[in-house]
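Reviewing the structure listed below.
In our numbering, the protein residues as written are 272 to 565.
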């Protein structure tokens with residue numbers, strides 16, 4: 272595991288560094304609150320970048336509320352984050368100011384009928400040495416935005432998470448390696464059902480299978496990955512894909528590799544394999560899971 276200071280220092284330029292510093296402060300704000308730090312788990316591309324040093328990430332912060340945890344109201348979540356952001360900004364040496372710009376239900380329309388609802392927050396940040404940027408921030412019109420997706424009703428328990436140390440006594444929860452891999456595979460299988468392409472998941476899985484292959488190759492780990500995949504897939508409408516040959520489906524492969532070249536253009540370090548070679552490696556691991564035992 273990488274430490275977050277090293278991740279911040281790997282920024283490509285000043286703009287990227289400010290973004291990473293702002294993300295660092297947001298995670299610190301979450302870690303300082305007793306409720307948020309014990310119920311929200313980091314996942315997705317940003318977790319891959321911070322915890323596993325992946326060179327692919329976006330500015331979005333993806334979080335899941337642990338199952339059976341108390342769901343905060345939008346107002347309570349905003350108030351809590353505002354309070355903790357002020358606290359971390361006050362003791363930080365980053366020369367940044369951060370404020371919540373908005374918080375909304377997702378899906379936006381009729382969220383009470385959504386099966387897997389979420390909140391989407393937008394947090395703005397500004398260099399304190401730039402008065403106009405600070406003014407925009409305070410007027411909730413910041414040009415620099417980090418989006419946070421907080422998902423509810425995910426099948427994520429205390430057995431699916433671990434702690435990632437930020438600094439001192441402050442930690443954030445994050446998915447275990449097995450949970451991360453399982454959910455990446457679930458996203459791949461869901462593409463047809465959700466009518467969307469997930470080009471990043473094949474790259475992320477390939478990356479993890481490359482850098483964490485020793486951990487992922489054991490029989491026990493493969494059993495754990497499969498069990499977590501089956502659990503996270505429950506109720507998602509993908510039962511027809513829960514078998515060892517699912518990734519041989521041409522529709523899934525086509526969606527997975529759609530616009531893959533544009534993804535590779537966004538990555539500084541070019542992979543040593545083609546998109547089809549990456550897919551084949553990810554498929555091979557999927558097929559090696561103990562399906563006959565499930």
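All residues carry an ideal CB built from backbone N, CA and C; glycine is no exception.
Could you give the C-beta distance for residue i and residue j, rounded to a whole number, given that I count them as a contact under 8 Å?
i: residue 454; j: residue 526; result: The Cβ separation is near 17 Å, so there is no contact.
i: residue 535; j: residue 441; result: Going by Cβ atoms, the distance from residue 535 to residue 441 rounds to 35 Å, so no, they are not a contact pair.
i: residue 322; j: residue 482; result: Wrong, their Cβ atoms sit about 11 Å apart, outside the cutoff.
i: residue 398; j: residue 367; result: 7 Å
i: residue 330; j: residue 369; result: That belief does not hold up - the Cβ atoms of residue 330 and residue 369 are roughly 13 Å apart, past 8 Å.
Express the C-alpha separation of residue j and residue i in angstroms, rounding to a whole number.
i: residue 305; j: residue 553; result: 38 Å
i: residue 318; j: residue 334; result: 10 Å
i: residue 495; j: residue 402; result: 51 Å
i: residue 465; j: residue 364; result: 43 Å
i: residue 406; j: residue 350; result: 20 Å
i: residue 307; j: residue 549; result: 36 Å
i: residue 555; j: residue 499; result: 18 Å
i: residue 281; j: residue 311; result: 26 Å
i: residue 558; j: residue 360; result: 47 Å
i: residue 541; j: residue 295; result: 26 Å
i: residue 277; j: residue 511; result: 42 Å
i: residue 479; j: residue 422; result: 23 Å
i: residue 274; j: residue 438; result: 9 Å
i: residue 508; j: residue 409; result: 43 Å
Let me confirm a value: residue i is counted as buried when at least 16 other C-beta atoms fall within 10 Å, else exposed. Which label applies?
i: residue 506; result: exposed
i: residue 429; result: exposed
i: residue 504; result: buried
i: residue 375; result: exposed
i: residue 395; result: buried
i: residue 284; result: exposed
i: residue 293; result: buried
i: residue 522; result: exposed
What are the start and end residues of the beta strand (DSSP E) that includes residue i?
i: residue 374; result: 367 to 377
Which residue marks the beginning of the alpha helix (DSSP H) containing residue i, and which one marks its end?
i: residue 398; result: Premise fails: residue 398 lies in the beta strand (DSSP E), 389 to 398, not in any alpha helix (DSSP H).
i: residue 488; result: Note, residue 488: premise wrong, no alpha helix (DSSP H); not H, not E.
i: residue 544; result: No alpha helix (DSSP H) contains residue 544, which DSSP labels as neither H nor E.
i: residue 282; result: Counting along the chain, residue 282 falls outside any alpha helix (DSSP H), and DSSP gives it neither H nor E.
Quick one: which unbroken beta strand (DSSP E) runs of 3-plus residues sit fully inside the stretch 403 to 475? Chain order, please.
The stretch 403 to 475 contains, as complete beta strand (DSSP E) runs of 3+ residues, the segments 416 to 422, 432 to 438, 441 to 446 (chain order).
Scan the stretch 296 to 359 and note each continuous alpha helix (DSSP H) run of 4 residues or more that stays entirely inside, going in chain order.
Taking only runs of at least 4 residues, the alpha helix (DSSP H) segments lying wholly in the stretch 296 to 359 are 305 to 310, 315 to 323.
What are the complete alpha helix (DSSP H) segments, minimum 4 residues, inside the stretch 489 to 538?
List check, alpha helix (DSSP H) in window: 490 to 504, 521 to 528, 531 to 536.
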